[in-house]
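Numbering of the sequence shown is given in the numbering used here, commencing with residue 174 and proceeding in unit increments. Below is one structure, written out as structure tokens; the observations come after it.
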Amino acid sequence: MTRPTVPLVPRDPVAAHNRRLGRRGEELAARHLTSLGMVLLDRNWRCAAGEIDLVLRDGRVLVICEVKTRSSTSYGTPLEAVDARKAERLRRLGARWLRAHDCHPDDVRVDLVGVLAPPSGPVEVEHVPGVG
């Protein structure tokens, strides 16, 4: 008996590019934040409600970090992609992470990191602690 063949669907090159760009931005953000003395605890943590890009410890504070990466500012800066609604969603995700890990920090903070990584030229990393 022969197995039916499954047609290969070409991957969307734009989506693949965006995934690579996002992974690069998260790596650059993690390096930047750890260079400031933070300790990386988790990366790309997922639950039914969504995903947290980076979870770090800054002293006795747990940091929930959203990373936005862009290759240009044609559609706005990376940080403009996060509004008050997204920041609130990150707080809820942070509470889920704390429950899942039975973690009880002194405080919890939501940070943003914007990464501008043009095809040529220097990469810019902007860290905004304590949004919302």
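All residues carry an ideal CB built from backbone N, CA and C; glycine is no exception. A quick note: this is a predicted structure, and the numbers were derived from the prediction, not measured.
CA-to-CA, the gap between V304 and R192 works out to about 25 Å. By the criterion of a C-beta distance shorter than 7 Å, P278 is surrounded in its chain by R233, V234 and L235, once the five residues flanking it on both sides are discounted. Around the beta carbon of G294, fewer than 16 other beta carbons lie within 10 angstroms, which makes this residue exposed. Inter-residue distance for R265 and V228 is about 13 Å (C-alpha atoms, whole angstroms). V255 sits in coil when the DSSP states are folded into three classes, being neither helix nor strand. For H190, the enclosing alpha helix (DSSP H) covers residues P186 to S208. Relative to S244, the option among D185, V296, P302 and R262 whose CA is nearest is V296. V288 is positioned such that its CB atom lies no closer than 8 Å to that of T246. Annotated as distal: L201 and C238, with beta-carbon spacing of 8 Å or more. Sequence-distant partners of N217 (beyond 5 residues in either direction) whose C-beta falls short of 7 Å from its own C-beta, in its chain, are E224 and D226. In the DSSP assignment, V283 falls within the unbroken beta strand (DSSP E) covering D280 to L289. The beta carbons of V298 and L285 sit no closer together than 8 Å. With respect to the C-alpha of C276, the residue from A188, R196 and L214 having the closest C-alpha is L214.
Under DSSP, D215 shares a beta bridge with V228.
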